[in-house]
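If you read the sequence shown in UniProt numbering, its first letter stands for residue 1, the second for the next number, and so on.
For every residue, glycine included, the Cβ atom is placed at its ideal position computed from N, Cα and C.
Report on the following structure.
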Amino acid sequence: MHSAAIHLDYAPDFLHLSLPRSGPPEFTIFLLVHVLSVYYAVETEKEKKCNNFDLSVTIKEEPDAKKPEGAKSTVSMTICTRFLKNRDSTMSILDISMMTGFAPDTSSLDKLKKGVDRYISSFEINKGAFDKGTLILYLDRISHKEEDCVKFYLHQFFEVGLIQPGSVTVYDYYSPENRCTKFYHVSEDSKLLGKICSGEVCRCAEANCFMQQQLDEVDSLVRLQKACEAGVDYVFKTKLTDIQKGDNYNIYVMKIITVIKIGTDEVSVDDERNFIAHIKCKDALNLVIGRDYVIWGVYKDVWNTGSGFSYIITRDTWIEMWPTERECQDDEYFDLCEEFASFSEELEFRGCVRY
1 MHSAAIHLDY APDFLHLSLP RSGPPEFTIF LLVHVLSVYY AVETEKEKKC
51 NNFDLSVTIK EEPDAKKPEG AKSTVSMTIC TRFLKNRDST MSILDISMMT
101 GFAPDTSSLD KLKKGVDRYI SSFEINKGAF DKGTLILYLD RISHKEEDCV
151 KFYLHQFFEV GLIQPGSVTV YDYYSPENRC TKFYHVSEDS KLLGKICSGE
201 VCRCAEANCF MQQQLDEVDS LVRLQKACEA GVDYVFKTKL TDIQKGDNYN
251 IYVMKIITVI KIGTDEVSVD DERNFIAHIK CKDALNLVIG RDYVIWGVYK
301 DVWNTGSGFS YIITRDTWIE MWPTERECQD DEYFDLCEEF ASFSEELEFR
351 GCVRY
């Protein structure tokens, strides 16, 4: 096994780094650092069918590691991978999406790049739209005979309401169809996930699971205004077909019934998409297999893992049960069904121009 272990040094809050190299273009990087706890990965069906790569991700708390000023905690991330063909993979990429509130330590990455063994050829840190951080590691090769492992550190500089999962994708630069993706998250019993505190006042993290609507105050106009707010990416009518249980979060498999507002993902009717939420959100969401739902969310929660799109359920996600045709005949649901029909027709055919 090839692996790299690094002693942690201080890393600045911001980094400006230019990396000239052949192949990918020069990189200019700016970074704000943030992290915490222990990892478990959940595999979707696509993840289980990784194409020509093995991949594992481990996060471990490092309470004794030296922290830069302002850091709340430090963890190590170890990524191990092996190419499954009868040759090494040349020029491979590790594309790492950070959990919310997390970011890498640049000095440990520099040691991977500049050390005697030179485990990575270069790295790139991006802060994209809505500050969703990603880290790209460039590797000259990945062995087909044994695992290649890299280990580096992460810092947490601020706390968030409910940490959303991250992902790691490995792929061959010249043959990107050879790839594998794993999601990762803090453990279910992590204190970080159970409650949110400000001084001595704490509240349950479930309040951050999704957008908590006061439904008695909602009508079709309110829905239109909310669905047309800045940052909203998609609006779907869906049917929940399956719930895949992981160690610490659930994957809600939704079949697309109506594309009310198309988003980043060019989804079609009858396509299935995975919606991911922390396991502590199960009761708050209360989603039932076989029921229909109207759901929308923002750009930052739509993840393109390379093998497809996944949707993260956060406090910016609107989810509401859509009654069946039979239920719509009952007095209890009649007005709601009329509102849904008006909302869907207005948004689908006229869009957000008026809102």
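Per the DSSP secondary-structure output, residue 181 pairs in a beta bridge with 169.
Annotation for residue 91: 23, 140, 173 and 174 place their beta carbon closer than 7 angstroms to its own, counting only its chain and skipping 5 residues before and after. Excluding the 5 residues flanking it on each side, residue 224 has same chain C-beta neighbours closer than 7 angstroms at 343, 346, 347 and 355, in chain order. CA-CA distance, residue 167 to residue 184, rounds to 6 angstroms. Under DSSP, residue 221 shares a beta bridge with no residue.
Per DSSP, reduced to three states, the secondary structure at residue 336 is helical. Residue burial annotation: residue 268 is exposed, with fewer than 16 other C-beta atoms found within 10 angstroms of its C-beta. Taken atom to atom, the span from the alpha-carbon of residue 222 to that of residue 232 is near 14 angstroms. Here DSSP, grouped into helix, strand and coil, assigns residue 87 to coil. If you look at residue 103, you'll find it in the beta strand (DSSP E) that goes 102-104. Contact check for residue 294 and residue 340: beta-carbon distance about 7 angstroms, within the 8 angstroms limit, so the pair qualifies. Under the DSSP assignment, residue 54 falls in the beta strand (DSSP E) whose first and last residues are 53-61. About 5 angstroms separates the Cβ atoms of residue 318 and residue 296, confirming a contact at the 8 angstroms cut-off. With a beta-carbon spacing of about 7 angstroms, residue 142 and residue 82 fall inside the 8 angstroms limit used to define contacts. Between residue 258 and residue 237, the C-beta spacing is below 8 angstroms. When rounded, the separation of the alpha-carbon atoms in residue 171 and residue 52 is 9 angstroms. Ranked by how close their Cα comes to the Cα of residue 274, the residues 251, 290 and 281 have 251 in first place. Comparing alpha-carbon positions, the option among 180, 153, 75 and 338 lying closest to residue 307 turns out to be 180. Ranked by how close their Cα comes to the Cα of residue 80, the residues 145, 87 and 69 have 145 in first place. About 12 angstroms separates the beta carbon of residue 125 from that of residue 138, a gap too long to meet the 8 angstroms contact definition.
Straight-line spacing of the CA atoms in residue 209 and residue 335 works out to 27 angstroms.
In this structure residue 270 is exposed. Its beta-carbon is surrounded by fewer than 16 other beta-carbon atoms within 10 angstroms. When the alpha-carbon of residue 182 is set against those of 87, 96, 284 and 285, the nearest one is in 96.
When only Cα atoms are considered, residue 353 and residue 322 end up about 25 angstroms apart.
Considered as a whole, the UniProt domain "NTR" (209-352) harbours 232-245, 249-261, 272-278, 292-298, 302-304, 309-312 and 318-322 as its complete beta strand (DSSP E) runs of no fewer than 3 residues, in chain order. In the three-state DSSP reduction, residue 117 falls in the coil class, being neither helix nor strand. In terms of Cα proximity to residue 157, the closest of 75, 349, 283 and 330 is 75. In this structure, residue 100 lies away from residue 305, with their beta-carbon atoms at least 8 angstroms apart.
For residue 175, the three-state secondary structure derived from DSSP is coil. One Cα belongs to residue 266, the other to residue 315, and the distance between them is close to 23 angstroms.
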